[in-house]
Ligand SMILES: N[C@@H](CCC(=O)N[C@@H](CS)C(=O)NCC(=O)O)C(=O)O
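Have a look at this one:
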């Protein structure tokens, strides 16, 4: 059975939703990143980047165990394992899907992450940084809104990995002080993705561990302090 080393964050949920949509059996191995479990040797053996998610497939290529990190790579691997499921077969749809997956990995994830850092996690509140990333978060919502005014799904006419990879970063818009009413096409798409039973199951994985209140000093140290930057 595929092992998912993970935690209930947007990057983790991308893979949980993918596994649920594909109907692949999987075993969840919780990596509590607030407690620093991402630095344990057994996790570093799977991913040198000490970030969740990562997977171990005992039945990888050539029938051998296979490890993989980076959420988009994992999603593409799982799709291929299921005959290319959730990636359109026609060349235009396929490249639209990859295009929007890259847009999430290179734009939405890093920019929204920096916004969270400066607006919610940083002790010192730097107005320039908060404004810079707030502008980017809003700009990226506008780009998505335009795309979704032209197409039902990000890849075009069919629901795909591009929607799965983006959705966990759009849900809970309050966390980024976003009102989805300002982005009606994103809102329509968000509600359609959120209604899918596999999506609802995916976002429940380890959900009981989601932090309720403010970041603690111990979590801050693991994410942004000496522990994070120690040579390994
Ligand atoms: N590009 C990576 C990003 C992974 C990532 O940033 N994971 C975060 C949680 S969402 C993490 O593990 N953080 C732990 C840490 O910062 O030490 C992917 O898409 O898989």
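Residue numbers (my numbering): 482 to 713.
Even for Gly, the Cβ is constructed at its ideal location relative to N, Cα and C.
In this structure, residue 534 lies near residue 487, with their beta-carbon atoms less than 7 Å apart. Segment contact: the segment 662-672 against the segment 691-705, fewer than three CB-CB distances shorter than 8 Å; contact not assigned. Residue 507 sits in a strand when the DSSP states are folded into three classes. Taken through DSSP and simplified to helix, strand or coil, residue 633 comes out as coil. Proximity of the beta carbon of residue 700 to ligand 1 is not indicated: no heavy atom of the ligand is located closer than 6 Å.
In this structure, the straight-line span from the alpha carbon of residue 520 to that of residue 661 is close to 36 Å. Around the beta carbon of residue 587, fewer than 16 other beta carbons sit within 10 angstroms, so the residue counts as exposed.
Residue environment for residue 590: buried (at least 16 other C-beta atoms within 10 angstroms of its C-beta). At a cut-off of 4 residues, the continuous stretches assigned as alpha helix (DSSP H) that sit fully inside the segment 569-611 are 572-584, 590-597. The shortest CA-to-CA distance from residue 562 to any of 607, 527, 506 is the one to 506.
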